[in-house]
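In our numbering, the protein residues as written are 8 to 91.
We put the beta carbon where it would ideally sit given N, CA and C, even for glycine.
Reviewing the structure listed below.
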């Protein structure tokens, strides 16, 4: 991403993840996402999760009938998502 002029913006997010300054990360899927999946109310098909962070919502929604893609500007967040 060195040619991307938003590198300093991405760097800020990387610093947050590096130091654990992630109050938005629940350490589990968002309760509403869990509820929608459990009740079958979440439609099948394709899902894009921009700013997926640690990827808990991506993992929660993924199934044979649902193709889910998570994106994040922070390399550190993506690394955490890979671990999840």
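Item	Value
Compute the distance between the beta-carbons of residue 40 and residue 64, then report whether it is under 8 angstroms.	yes
Rounded to a whole number of angstroms, what is the C-alpha to C-alpha distance between residue 83 and residue 28?	12 angstroms
DSSP puts residue 55 in a beta bridge; with which residues?	76
For the alpha helix (DSSP H) that contains residue 34, what are its first and last residues?	No alpha helix (DSSP H) contains residue 34, which DSSP labels as neither H nor E.
Quick test of your reading: residue 75 and residue 68, contact by CB under 8 angstroms. State the CB separation rounded to the nearest angstrom.	5 angstroms
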